[in-house]
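Student:
2 protein chains.
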Amino acid sequence: MAVQAVYFSDRDGLDMALKHPDTMLFASKAEADARDRILELAEEIQVFLTKKVEGLSEEHAEACAMAIAEERDLFQKALKKPDLLNASPE
Amino acid sequence: MAVQAVYFSDRDGLDMALKHPDTMLFASKAEADARDRILELAEEIQVFLTKKVEGLSEEHAEACAMAIAEERDLFQKALKKPDLLNASPE
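Order-wise, the sequence lines are chains S and V. For the first sequence, the numbering used here begins at 1173 and goes up steadily by one. For the second sequence, the numbering used here begins at 1173 and goes up steadily by one.
#1: Leaving aside the five residues before and after Glu1234 (chain S) along the sequence, list all residues of the same chain whose C-beta is less than 6 Å from its C-beta, in chain order.
#2: For the alpha helix (DSSP H) containing Ala1206 (chain V), list its first residue and its last residue.
#3: Would you mind sorting Pro1254 (chain V) into buried or exposed? The rule is 16 or more other CB atoms within 10 Å of its CB.
#4: For the candidate residues S:Lys1191, S:Met1188, S:Leu1251, S:Ala1237, whose alpha-carbon lies nearest to that of Leu1246 (chain V)?
#5: For Asp1184 (chain S), which residues of its own chain have a beta-carbon under 6 Å away from its beta-carbon, when the five flanking residues on both sides are left out?
#6: Three or more C-beta pairs closer than 8 Å, one from the stretch 1218-1228 of chain V and one from the stretch 1236-1246 of chain S: is that the case here?
#7: List, in order along the chain, the chain V residues whose C-beta lies closer than 9 Å to that of Ala1250 (chain S)?
#8: Check each candidate in V:Ala1206, V:Lys1249, V:His1192, V:Ala1199 and name the one with the smallest Cα separation from Val1175 (chain V).
#9: Are the beta-carbon atoms of Leu1211 (chain S) and His1232 (chain V) separated by less than 8 Å?
#10: For a cutoff of 8 Å on Cβ pairs, would you count Asp1255 (chain S) as touching chain V?
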């Protein structure tokens, strides 16, 4: 029988990945890398928002950070052309 | 006597600008334009975060949006290189 690999990001960790295989366990390394890059960006945004916004809960800081990190490309464009951010996809 | 102009963003409005002249009333049109662009971006980010993050208060959505909009250039770079976002300025 062949041996197969599944991939996950260290930032999620194996325990979490096993609990949420559909979003954290990947058949390809590339997908796990993409997940890892999102988590890396989200961590930095969470620290930034926590520093800047008084009273923001850890849960909300994390959710805001993930929402932005998961839409990195869109956000990149919106920083130059803000009305793109909430434009409904045609 | 000469006539002088002070400038403010419509998004702030005259009432608010008069209450917060140091941050909302400007001697040059360019500065008011810069303020207006920040507010334009912040409005879109606030809508985005409110849609994506359940339970986020309007106040926190606005504060997160302004924090990002005021650091547009830094954020632009951080989307490509996340560790820049919280790097302490040398």
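All residues carry an ideal CB built from backbone N, CA and C; glycine is no exception. All values reported here derive from a predicted model rather than from experimental measurement.
Tutor: Based on what the coordinates show:
#1: Leaving aside the five residues that flank Glu1234 (chain S) on each side, the residues in its chain whose CB is nearer than 6 Å to its CB run, in chain order, Gln1218.
#2: Going by DSSP, Ala1206 (chain V) is part of the alpha helix (DSSP H) stretching over 1201-1224.
#3: It counts as buried.
#4: Ranked by Cα distance from Leu1246 (chain V), the first of S:Lys1191, S:Met1188, S:Leu1251, S:Ala1237 is S:Leu1251.
#5: Here the set comprises Met1196.
#6: The way I'd put it, the stretch 1218-1228 of chain V does touch the stretch 1236-1246 of chain S; three or more beta-carbon pairs between them come closer than 8 Å.
#7: Residues of chain V whose Cβ lies closer than 9 Å to the Cβ of Ala1250 (chain S) are, in chain order, Leu1213, Glu1216, Ile1217, Phe1220.
#8: Of V:Ala1206, V:Lys1249, V:His1192, V:Ala1199, the residue nearest in Cα terms is V:Ala1199.
#9: Between Leu1211 (chain S) and His1232 (chain V), the C-beta gap is not smaller than 8 Å, which leaves the two residues out of contact.
#10: Asp1255 (chain S) counts as touching chain V.
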